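Residue numbers (our numbering), protein chains in the order written: chain A, 4 to 255; chain B, -9 to 314. Just so you know, even glycine gets a beta-carbon here, dropped at the ideal spot from N, CA and C. Computed from a prediction, not measured in an experiment: that's the story for all the values here. Structure first, then comments.
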Amino acid sequence: MKLVRAWSTLASLSFVRLFWSTSTLMVMLPLAGCLLFVLRRHYNHPEFTQREFREFSEFLIVVFASFVVPVCALAFGTASIGGDREDRTLVFLLVRPIPRWLILLAKFSATLPLVLGIVLGSYWLYCRLAGAVGQVAFDLYLPAITYMTLAYVCLFHLFAVSFRHATIIALVYALFMETLIGNLPGIVKRVAVNYYGRSLLYAAGEADGARMPEGFQPLSFVVATWALAGIAIGGLILACVVFSRREYRDLT
Amino acid sequence: MQRAPHAHFSDETHHVAERPLLLEFEHVTKFYGAVIGINNVTCHVGPGITGLLGANGAGKSTLIKLASGQLRPTQGRVTIGGHDAWSTAAKHHLGYSPDINSFYEEMTGREFVYAMARLHGFSRTEARERTEHVLDEVGMADRAQRRLAGCSHGMRQRIKLAQALVHDPWLLLLDEPLTGIDPGGRREINELLFRLSGQGKTILVSSHILVEIEQLCSSIVMMSRGRLIAAGTLAEVRQMMQHRPQVIQIVAEPSRRVAALLAEHQDVLAVEMRDPGLVIKTRNPLDFFARVGELVCEQGIEVRQIQILDAGADAVFDYLQQGK
């Protein structure tokens, strides 16, 4: 019972601290940019058209899912443990009678709802503002956006426990691996989470008019879903193992 | 606790206090890559206040980090009440006040200590009661409503101490706990530590201010270059050094005659006239004191005062460090 109380205290404490952190301000910038874009394009036609759906899908897949979602996951995912590490307050958690892997799970449990709330909340808002095409897009792309968010949050927790300056390394990863490698032709793009997410998104929206770029060879919906689930679960388990075993010599 | 000078202590076992043993280092070696932080340290720290002394780079911080389960030994074992210091079970018994000056700055002192109590699994009511009690103990009850970002260094030290005490641990590891605290505050904290020590708690205090350690601690652990060079009570450590040359001030009448008589003694290395009395350097203090006794009885010399000038922890530490 004591452990449950300690764990839930840590999770809620972490949630509050993350919410009121600079990460929240940081993610507001791309989210506001997307909002301005949606407002300016006036998608809000009362009737569904394939052309408009294609354009809105492009925005969602290329800008929102491929850039904004990883940035949101990165900002909070690396800050959950990395923030305590950089502020040198992690030592106050490590000397408490909570197993280290549970400390990480508490941090993850605080981060995931926050990132999902921000990502899915803003996604809902953009779709709402986009009128008829937005309503169709919301239902179609919701599972893919959710899986991508989950995979990114887990992956960036692994970064946070593994690297001293996790935010910088995660940024380099997001820009280089996700944006550059993820858009290369051939098999090399499979190292990017983005590729599996886009496979899901295109598979979901193709029938209604979403057009995938030339040369993009998507995986099937089932394979891409399993790949994202594997990245999420594998990343989280690996992060727990690393955090449980690792010495953090820079804490005091 | 006796040993020949310059012997390697790290291969021996030092009982700083008798059982029940709480914090144990057994042949502990810690490497940082190719650099050795701690070299084959074996010692037991039991109830009472033990001072951890050493110069920068001596291995104090590594020892504290190993004891608080932040690091794992490369070789050997560190246990708290029989539990591996790295384990969660050991953390129930451990209260740790680090030497860093970082907190959840947005919180008040009271909120921070309460949060730490909650992280030990206490209910809201119990955590609140413990927080108030411990804030009162460290003298912060009336000032804990201030945000930590705006607290002075001394106040932050007290809050650090409070969070270490809030779950009433058996073992307290305090890294430089008195730094930044004013003399009055030091007295209060010392009194608190004496009280806790009286309750049977094991307290390991790391400090570079040797006078503090002398006033506070019943036992000391001395580190130098990653090795344990001495452990025991201050008296025991002094006893180790009975062959160390010592400087003794003696005020006796007639001083010139006393100087002449003492200078004849084979173990007296130097005699210097000072006001008041004489300053004598001897290679064998025990024989020297015996000789002074003889002079009092045989020559009718009146001795008003005898004082060892270099018996403090500073001198003890310097001597042992040079020996190593």
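(request) Tell me where the alpha helix (DSSP H) around A/V225 begins and ends. (result) F224 to R248
(request) Enumerate in chain order the residues of its own chain whose CB-to-CB distance from A/E55 is below 7 Å, with the five nearest sequence positions on each side excluded. (result) Y46, H48 and V136
(request) Check distances from the C-beta atoms of the segment 42 to 62 of chain B to those of chain A and list, in chain order, the residues that come in under 9 Å. (result) S51, I54, K55, S58, G59, Q60, L61 and R62
(request) Please confirm whether B/V124 and B/L163 have their CB atoms less than 8 Å apart. (result) no
(request) Give the residues of chain A in contact with B/G111, contact being defined as C-beta atoms less than 7 Å apart. (result) K5, L6, R8 and A9
(request) Using three-state DSSP, classify B/K321 as helix, strand or coil. (result) Residue 321 of chain B is absent from the structure shown; chain B starts at -9 and stops at 314.
(request) Starting from A/D211, follow its DSSP beta bridges and name the residues at the other end. (result) Answer is none; A/D211 lacks a bridge partner.
(request) Excluding the 5 residues preceding and the 5 following B/Q65 in the sequence, name in chain order all residues of the same chain whose CB lies nearer than 6 Å to its CB. (result) T19
(message) Quick check: is the beta carbon of B/H82 nearer than 8 Å to any beta carbon in chain A?
(response) yes
(request) In angstroms with no decimal places, state the Cα-to-Cα distance between A/F22 and A/V156. (result) 15 Å
(request) Starting from the beta carbon of B/F278, find every residue of chain A whose beta carbon is closer than 8 Å, and list them in chain order. (result) Those within 8 Å of B/F278 in chain A number zero; the least Cβ separation is about 45 Å.
(request) Tell me whether B/N46 sits in a helix, a strand or coil according to DSSP, three-state version. (result) coil
(message) Within 8 Å of any Cβ in chain B, is that where the Cβ of A/P221 sits?
(response) no
(message) To the nearest angstrom, how far is the alpha carbon of B/I291 from that of B/V248?
(response) 8 Å
(message) Give me the residue from B/P37, B/L13, B/L56 and B/V35 with the minimum Cα distance to B/G216.
(response) B/L56
(message) Check for me: the beta strand (DSSP E) holding B/R114 runs from which residue to which?
(response) B/R114 -> not in any beta strand (DSSP E); alpha helix (DSSP H) instead, spanning R114 to E127.
(request) On a CA-only basis, which of A/L145, A/C75, A/F219 and A/V7 is nearest A/I28? Give me that one, please. (result) According to the sequence as given, residue 28 of chain A is Leu; it is not Ile. The shortest C-alpha separation from A/L28 is found at A/C75.
(message) With a threshold of 7 Å on Cβ separation, who are the neighbours of B/V286 within its own chain once the five nearest residues in sequence on each side are excluded?
(response) V293
(message) So with CB distances below 7 Å, who are the chain A contacts of B/T169?
(response) Those do not exist, as B/T169 stays about 14 Å from chain A at its closest Cβ, beyond 7 Å.
(request) List the residues of chain B that A/D90 touches, going by C-beta distances under 9 Å, in chain order. (result) S92, F93, Y94 and E95
(message) For the beta strand (DSSP E) containing B/A221, name the first residue and the last one.
(response) R217 to T223
(request) Give me whichever residues DSSP pairs with B/Y86 in a beta bridge. (result) B/L163
(message) Can you list, in chain order, the residues of its chain with a C-beta nearer than 7 Å to that of B/A107? Leave out the 5 residues immediately preceding and following it.
(response) A117, R120, T121, V156 and H157
(request) Mind reading off the beta-carbon distance from A/A195 to A/E181? Whole number of angstroms is fine, and I expect it under 8 Å. (result) 5 Å
(request) Helix, strand or coil for A/K5, going by three-state DSSP, please let me know. (result) helix
(message) Considering only heavy atoms of the ligand SAH, does any lie closer than 7 Å to the CB of B/T40?
(response) Looking at this structure, you won't find the ligand SAH or any other ligand, since it has none at all.
(message) Could you compute how far the alpha carbon of A/A207 sits from the alpha carbon of A/L128?
(response) 20 Å
(request) Within its chain, find whatever has a CB closer than 8 Å to the CB of A/I101; leave out the 5 residues flanking it on each side and keep chain order. (result) L6, A9, W10, L13 and A109
(request) Please list the partners that B/M106 has in chain A, where partner means a Cβ-to-Cβ separation under 8 Å. (result) F95 and R99
(message) Restricting to Cα atoms, I'd like to know which of B/N180, B/Q135, B/P159 and B/G59 is closest to B/L168.
(response) B/N180
(request) Inspect the CB distances between the segment 82 to 94 of chain B and the segment 82 to 92 of chain A and report whether three or more fall short of 8 Å. (result) yes
(request) Closer than 7 Å by beta-carbon distance: list the chain B residues that pair up with A/Y205, in chain order. (result) Correct list: empty, because the minimum Cβ distance to chain B is about 44 Å.
(message) Once DSSP output is grouped into helix, strand and coil, what is the label at B/M130?
(response) coil
(request) Note down, in chain order, every chain B residue with its Cβ under 8 Å from the Cβ of A/Y251. (result) Q60
(message) Assuming contact is defined by CB atoms lying nearer than 8 Å, are A/A140 and A/A147 in contact in what I supplied?
(response) no
(message) Suppose contacts are defined by Cβ-Cβ distances below 8 Å. Is A/S202 in contact with A/A163 by that definition?
(response) no
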